[in-house]
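Report on one structure; see the data block that follows.
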Amino acid sequence: MRSAVIFVTNHVSPSSVAWDVTGYAGLALSDLLVDRYRLAGLTDITYRIYHEARHELFNETNRTEVEGDLLARLERVLAHIENERVLL
198 MRSAVIFVTN
208 HVSPSSVAWD
218 VTGYAGLALS
228 DLLVDRYRLA
238 GLTDITYRIY
248 HEARHELFNE
258 TNRTEVEGDL
268 LARLERVLAH
278 IENERVLL
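So, in structure tokens, the structure goes:
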């Protein structure tokens, strides 16, 4: 299994408003990254947007949520790897 995890924020800083009046240029770039991962053959991609976070996901007010999501992802991937080993 080829997999990836992408966690992004949707925070628009005052300095970025000049070039991104909608606030979604960063999301368009991360969407492009997901598309490129798929083109490269990755089939298991976790893409999560934290709208209330700014830029340091592990130091935000929703840190517990981010850590929980990451741990859940790691547990799922590790369980899949373990199941593949059992089948071999």
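Residue numbering for the sequence shown follows the numbering used here, starting at 198 and increasing by one per position.
The beta carbon of each residue, even a glycine, is placed where N, CA and C say it ideally should be.
Everything numeric in this text was worked out from a predicted model, so none of it was measured.
List the DSSP bridge partners of tyrosine 234. The residue labelled residue 234 in the question sits at position 37 within the sequence shown. According to DSSP, tyrosine 234 shares a beta bridge with no other residue.
Rounded to whole angstroms, what is the Cα-Cα separation between arginine 235 and leucine 229? Position 38 of the sequence shown holds residue 235. Position 32 of the sequence shown holds residue 229. If I take the Cα positions, the gap works out to 10 Å.
Taking only the alpha-carbon atoms, compute the straight-line gap between valine 232 and leucine 271 and give it to the nearest angstrom. The residue labelled residue 232 in the question sits at position 35 within the sequence shown. The residue labelled residue 271 in the question sits at position 74 within the sequence shown. Reading the sequence as shown, one finds aspartate at residue 232 and not valine. C-alpha separation (whole angstroms): 22 Å.
The alpha helix (DSSP H) enclosing glutamate 279, as first and last residue numbers: By 1-based counting over the sequence shown, the position of residue 279 is 82. 260 to 284 is the extent of the alpha helix (DSSP H) around glutamate 279.
Which whole-angstrom value describes the C-beta separation of leucine 254 and tyrosine 244, a residue pair presumed to lie in contact below a C-beta threshold of 8 Å? Translated into the one-based positions of the sequence shown, residue 254 becomes position 57. Translated into the one-based positions of the sequence shown, residue 244 becomes position 47. With a beta-carbon spacing of about 14 Å, leucine 254 and tyrosine 244 fall beyond the 8 Å limit used to define contacts.
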